[in-house]
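> Below: one structure in C-alpha cells.
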Amino acid sequence: MSDLNLSMFRAYDIRTPAKLLTDDLAVRLTRAEAVYFRETLGVCGVVVAHDARTSGPHYLQIAAEEFARAGLTVVVVPGVCSTSQFYYAAMRHPQHAAVMFGASHNPAGDTGQKILGPGVRPIAEKIGPEGGLDKIKALYEQGASLPSASASGRIYACDPTDEYLDYSMRLAGVAEGGLRGLRVFHDYLNGAAGREMMLAFERAGADLTPLHFAADGRFPLGDPNPVKQTVIRSGLKRLTSGNYLFGTFFDGDGDRIDFYRGDGTYLSSSFVYAAILKDIRKRFPGAGMGVFADLKANPLAVMEMAKTGVKVQVIRNGHSQIKNAMFDDPAMFGTVEESAHFYEAFPLDGCRYCTENTLYIALLTARVWREDPARFDALFEIQARACREREWGYKFPDDALRAGALEAVQAYFTAQGAQAMTHMPNGYALEATMMRRGIPFNIGADTRLAADWLQVCQRVSQSENGLARWEVVAATQEIASGAKAKIAEIVAQYGAGEEYQG
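Numbering (our numbering), first residue to last: 134 to 635.
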C-alpha cells in the first residue's frame with residue numbers, strides 16, 4: 134500500500150505534493166469519492182472548482198470526467214476560484230457534494246482537496262457519514278468504483294461571481310459606492326482572491342491599490358502564506374509608503390485574511406473579530422448566543438468579544454472541525470482562528486450554512502474601520518498591553534520524538550504553575566494543549582488577569598508532516614520571549630529542526 138500515497142489523507146482535508154498524486158491515483162481517488170457521494174451521501178451531483186495552482190485544472194478535469202462516468206451531474210465553477218467563492222457555489226447547490234482542488238498556503242508544488250457533503254457540511258477525518266474522509270480513504274485503498282452508469286452525468290459551468298459579490302456586499306452592509314473615499318491596500322500574493330476582491334471594492338467605490346493581483350500558481354513570491362514575512366515584505370513596504378487606512382494580505386486560496394494598520398502594525402485576528410463582532414451580533418439577536426475563539430486567541434481580545442453580550446468558548450483548530458461544531462450548536466454563530474480564518478452561520482434561502490466568506494469579512498471590516506476608526510485605535514492599544522510570539526513550529530525526525538517534546542514542554546510549564554486544558558467544555562478533544570498561568574479558562578467581560586499572566590498553546594500540525602506548533606501570548610515581552618526561548622531549549626533535546634514559520 135506504500136505506493137498509494139495514503140499520507141495525503143489529513144485531518145481536515147487532502148494535501149500532498151502533486152508529484153505523488155499520479156493520474157492513476159487521481160482517478161482512483163475520484164472513483165472512491167464517487168462511490169461515497171452516490172452510496173453514502175445519496176447525492177446525484179457534485180460542484181467542483183480549483184484555485185490558482187497550476188495543477189488545479191488538470192486534477193479538476195480528471196475528476197469531472199470520472200464523476201460524470203459515475204452518473205453524477207458535475208457543476209464546474211469556471212476559472213480560478215477562491216475557496217470562499219467555492220463555498221458560496223456549494224450553498225447555491227445544497228443538494229450536491231462539492232470538491233475544491235487546491236492546497237491553501239502550501240508550496241506551489243502541492244495539491245489537495247476540500248470536500249463537502251450536501252448542505253455544505255464538511256467531510257473530514259471522523260466528520261461526515263460513516264466516518265467521512267476515513268470512509269473515502271478506505272474506499273480508495275480498496276480500489277472501489279461504481280459500475281459504468283447507463284448514461285454519463287452532465288458537465289456544465291456555473292459562474293456564481295455576480296451573485297457572490299451581491300450577497301457578500303449586502304451581508305456586509307456595503308452598498309454600491311458605500312466605501313467611496315476609503316484608501317485601502319490589498320496584497321493577494323498571486324493567489325485566487327484578487328479577482329473577486331477587486332470587483333467588489335470597485336463596486337463599493339473604494340480607492341483600492343491591489344498588489345500581486347494576477348493569479349500565478351508558480352507563486353513567485355514564495356509559499357502564498359501571509360504569515361511569512363519574506364513573502365509579504367514588498368507588500369508591507371508598499372503599504373507603509375502610502376496614505377492607507379489599512380492593508381490586507383491573503384493566502385493562496387483566499388480564505389485567510391491578515392490586517393495591518395497603514396503604518397504596518399499588525400492587528401491579530403482575534404482583535405479584528407472583536408472590532409466587527411458588534412455588527413455581526415445584530416444579525417443574531419437573543420440571549421444565549423455565542424461564538425468560538427481558537428485556543429490561541431489573545432485573552433484580552435476574548436474579553437472584548439464578551440463585551441458584545443455573547444458567550445465565548447474555546448475551540449480546537451481546523452476548518453472542518455470548527456464548521457462541524459457550529460452546525461451542531463445553533464447558538465454558536467461565528468468563530469475566529471488566530472490563523473486569520475473567520476467563520477459564520479450564513480443564511481441563504483431559509484437555510485443555515487456554517488462556512489467562510491472572506492470577501493464579506495474584508496468588506497465588513499473595511500466599513501467598520503472607516504465608520505469607527507476609534508474602535509480600532511482602542512483595540513491596537515489593548516493589543517499592545519500583551520506581547521505575542523506568533524505561531525511557529527519545529528519539524529522532528531519522528532512522531533515519538535515529537536510526542537516527547539510536547540510532553541516535556543507541558544511538564545515544564547505546569548511545574549511553573551500553569552494549568553493545562555485539552556478538551557472543550559462540551560467534551561470534544563482540542564487536539565492541542567492550552568496552558569494558562571494567571572488566566573482562568575472561562576473568560577468574560579470582567580475577567581481580571583494576574584500581573585504575570587501567560588498563555589502557551591501547542592499542537593501537532595495536521596497539514597504538514599513531522600511538525601509541531603507553538604504560540605505564546607503574555608503580559609510582558611520578557612515573559613513571552615522567555616517562554617519561547619525555553620520551548621526552543623526543550624525541543625532541541627528531541628531533535629527539533631530549524632524554527633519553521635508558516
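All C-beta atoms, glycine included, are put in the ideal place defined by N, C-alpha and C.
Any idea if SER374 is buried or exposed, counting beta-carbon neighbours within 10 angstroms, 16 or more meaning buried?
Exposed, because fewer than 16 other Cβ atoms sit within 10 Å of the Cβ of SER374.
> At 3 residues or longer, what runs of the beta strand (DSSP E) sit wholly inside the stretch 456-486?
You should have 465-470 and 474-481.
> In the structure shown, what three-state DSSP assignment does MET557 receive?
coil
> In this structure, how does DSSP classify VAL176 when only helix, strand and coil are distinguished?
Reduced to three states, the DSSP call for VAL176 is coil.
> When DSSP builds the beta bridges, which residues end up paired with MET233?
ALA182 and LYS247
> Need the endpoints of the alpha helix (DSSP H) that ALA536 sits in, please.
Taken as a continuous stretch (DSSP letters only), the alpha helix (DSSP H) holding ALA536 covers 532-548.
> Leaving aside the five residues before and after VAL307 along the sequence, list all residues of the same chain whose C-beta is less than 7 angstroms from its C-beta, in chain order.
ALA337, LEU496 and ARG500
> How is GLU632 classed by DSSP in three states: helix, strand or coil?
coil
> By how many angstroms is the C-alpha of TRP603 removed from the C-alpha of ARG535?
Rounded to the nearest angstrom, the two C-alpha atoms are 12 angstroms apart.
> Alpha carbon to alpha carbon, what distance is there between MET557 and GLY451?
14 angstroms
> Spatial neighbours of LYS247 within its chain, please: CB distance less than 6 angstroms, with the 5 preceding and 5 following residues excluded, ordered by chain position.
ASP146 and MET233
> Report yes or no: is there a C-beta of chain C within less than 9 angstroms of the C-beta of SER217?
The question asks about chain C, but that chain is absent: this structure has only one protein chain.
> Taking only the alpha-carbon atoms, compute the straight-line gap between ALA629 and LYS619 and give it to the nearest angstrom.
13 angstroms
> Jot down the residue ranges of each uninterrupted alpha helix (DSSP H) in the stretch 587-631, minimum 4 residues, whole runs only, in chain order.
610-625
> Taking contact to mean 3 or more Cβ pairs, one atom from each stretch, closer than 8 angstroms, check whether the stretch 207-227 and the stretch 287-296 are in contact.
yes
> Let me know the secondary structure DSSP gives GLU522 once reduced to three states.
strand
> Considering only the alpha carbon of each residue, which of ARG202, ALA197 and LYS528 lies closest to PRO211?
ALA197
> Tell me, please, which residues DSSP counts as bridged to ARG254.
GLY250
> Determine the closest residue to GLY250 out of ARG394, SER237 and LYS456, with distance taken between C-alpha atoms.
The residue from ARG394, SER237 and LYS456 with its alpha-carbon nearest to that of GLY250 is LYS456.
> Sort ASP340, GLY395 and GLN610 by Cα distance to LEU315 and report the nearest one.
Ranking ASP340, GLY395 and GLN610 by Cα distance to LEU315 puts ASP340 first.
> How would you write the range of the beta strand (DSSP E) that HIS319 sits in, first residue to last?
316-320
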